[in-house]
Amino acid sequence: MKTIKKVLSVSFLFLATLVTNAQTADEIIDTYFTNIGGKEKLAKIDGFKMNMTTNYNGMEIPVEVYNNKAGKMYVKINFQGKDITQLAFDGKKGWSTNFMTMKAEEMDSETSENMLSQISDFPDPFLNYKAKGYTVEMLGKETKEGTECFKIKLTKKPVKIDGKMVDNVTFYYFETENYVPIMTETEIQQGPMKGQMSKSTMGDYQEVEGMYFPFSINQGGQAMAVKKIEINPTVDTKVFEMPTE
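Taking my numbering, the leading residue of the sequence shown gets 141, the next gets one more, and so forth.
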């Protein structure tokens, strides 16, 4: 399987030189799209499924995540041989499994409303970001994880937290060699960690059907190794439906 570092070409190096000289947010984002396969291919993605593994108390847990253009998504895990839908959203409302009772519980209306407002993020929040009403801002360079990065601020539509609309800002760090994000930071808006920054890292970009995706992901300290990515797969729509019992 090809990795993004193995496909650097003369044309890419020329383009990278131009962007380095200009260093505007839009040019960095355009180079990012070029390097991962192009906007046209990305726009043709109607859905994708990731099969991953994570570690919990020394146990390897298989995880399956699906998202599509209609806003439907699910997160399933296999725990001790049993498939459990940890989270699902049918495009209008969501539900999750209570691990104490092992019963499905509907999300509160505020959470479902916020998930609904993020549907246009698929397959990438930077794709046609202006049409979505988002803004970007170049904030210079910073070193993250020992790597020099361009820091870009992405401001999306506000979300509702405890009945109030709050800013929805994520900071992206694009490494300056291949122009792909290796880290994101978002301020936590509620709970005991309110005001602190939630960090996610990504790396090991590999090719899948002419596109490049990160195969190493760490969210909130939980490392996940991507084993397989499927583009536009067929899935059973029943998985989005909240169980009645």
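Backbone N, C-alpha and C define an ideal beta-carbon position, used for all residues, glycine too.
**Message:** Report the start-end ranges of each beta strand (DSSP E) in the region 265-336 that is 3 residues or longer and not cut off at the edges.
**Reply:** Assignment of beta strand (DSSP E) within the region 265-336, counting only whole runs of 3 or more residues, yields 275-284, 287-301, 304-315, 321-327 in chain order.
**Prompt:** Nearest-angstrom Cα distance between V379 and K281?
**Reply:** Looking at the two C-alpha atoms, the distance is approximately 43 Å.
**Asked** Apart from the five residues on each side of it in sequence, which residues of its chain come closer than 6 Å, Cβ to Cβ, to V366?
**Response** The residues are M190, M192, F355.
**Request:** Compare the C-beta of M199 with all C-beta atoms of chain B and state if any pair is closer than 8 Å.
**Result:** In the structure shown, chain B cannot be found, because there is only a single protein chain.
**Message:** Could you compute how far the alpha carbon of E250 sits from the alpha carbon of E317?
**Reply:** It is roughly 40 Å from the alpha-carbon of E250 to the alpha-carbon of E317.
**Item:** Sequence-distant residues of the same chain with beta carbon closer than 7 Å to N207, five excluded per side
**Value:** If we look at N207 and ignore the five residues flanking it on each side, its Cβ neighbours are G187, F188, M213, F262.
**Asked** So the beta strand (DSSP E) I217 belongs to, where does it begin and stop?
**Response** Following the DSSP letters along the chain, one finds I217 inside the beta strand (DSSP E) bounded by residues 212-219.
**Message:** Going by beta-carbon coordinates alone, are P298 and Y312 separated by less than 8 Å?
**Reply:** Not in contact: P298 and Y312 (Cβ atoms no closer than 8 Å).
**Item:** I328 versus Q336 - alpha carbon distance
**Value:** Just so you know, the alpha carbons of I328 and Q336 end up roughly 6 Å apart.
**Asked** Do you know offhand how far Q163's Cα is from V276's?
**Response** Rounded to whole angstroms, the separation of the alpha carbons of V276 and Q163 is 13 Å.
**Item:** Selected residue, minimal CA-CA separation from P383, among L182, N238, E370
**Value:** Scanning L182, N238, E370 for the CA closest to the CA of P383 turns up N238.
**Request:** Using the DSSP secondary-structure output, state which residues sit across from Q346 in a beta bridge.
**Result:** According to DSSP, Q346 shares a beta bridge with T143, F353.
**Asked** Quick one: is Y117 buried, meaning 16 or more other Cβ sit within 10 Å of its Cβ, or exposed?
**Response** What is shown of the chain runs 141 to 385, which leaves residue 117 out entirely.
**Distance CB(M351)-CB(K181) smaller than 8 Å** = With respect to the 8 Å criterion, M351 and K181 are classified as neighbours on the basis of their beta carbons.
**Request:** Pull up the distance between the alpha-carbon of M333 and that of D376, whole angstroms please.
**Result:** Note on geometry: alpha-carbon atoms of M333 and D376 lie some 37 Å from one another.
**Message:** The alpha helix (DSSP H) that contains E167, what's its start and end?
**Reply:** In the DSSP assignment, E167 falls within the unbroken alpha helix (DSSP H) covering 165-176.
**Request:** Tell me, please, whether the region 213-227 touches the region 300-311 by the rule of three or more beta-carbon pairs shorter than 8 Å.
**Result:** They do not touch, by the three-pair rule.
**Request:** Locate the beta strand (DSSP E) running through M190, then write down its first and last residues.
**Result:** In the DSSP annotation of this structure, the continuous segment of the beta strand (DSSP E) that includes M190 starts and ends at 187-196.
**Request:** Grab me the residues of K184's own chain with a C-beta within less than 6 Å of its C-beta, minus the 5 sequence neighbours each way, in chain order.
**Result:** Within the same chain, no residue comes within 6 Å of K184 by CB-CB distance, once the 5 residues on both sides are set aside.
**Request:** Give the single residue among I169, I357, V203 whose Cα lies nearest to the Cα of I433.
**Result:** The displayed coordinates of the chain run from 141 to 385. Any statement about residue 433 would go beyond what the structure contains.
**Message:** Please identify the residue among G231, L294, Q226, A363 whose C-alpha is closest to the C-alpha of G273.
**Reply:** Minimum Cα distance to G273 is reached at L294.
**Message:** Once DSSP output is grouped into helix, strand and coil, what is the label at D230?
**Reply:** The answer is strand: DSSP assigns D230 an E or B state.
**Message:** Considering only the alpha carbon of each residue, which of A228, Q226, F353 lies closest to G178?
**Reply:** If we check each option's Cα against that of G178, F353 comes out closest.
**Prompt:** Using the C-alpha atoms, what's the distance from T324 back to D248?
**Reply:** A direct Cα-to-Cα measurement between D248 and T324 gives close to 26 Å.
**Message:** Using DSSP's beta-bridge definition, name the partner residues of A363.
**Reply:** In the DSSP output, where bridge partners are listed per residue, A363 has N358.
**Prompt:** If we ignore side chains and look at the alpha-carbon of each, how far apart do N268 and D307 end up?
**Reply:** Computed Cα separation, rounded: 20 Å.
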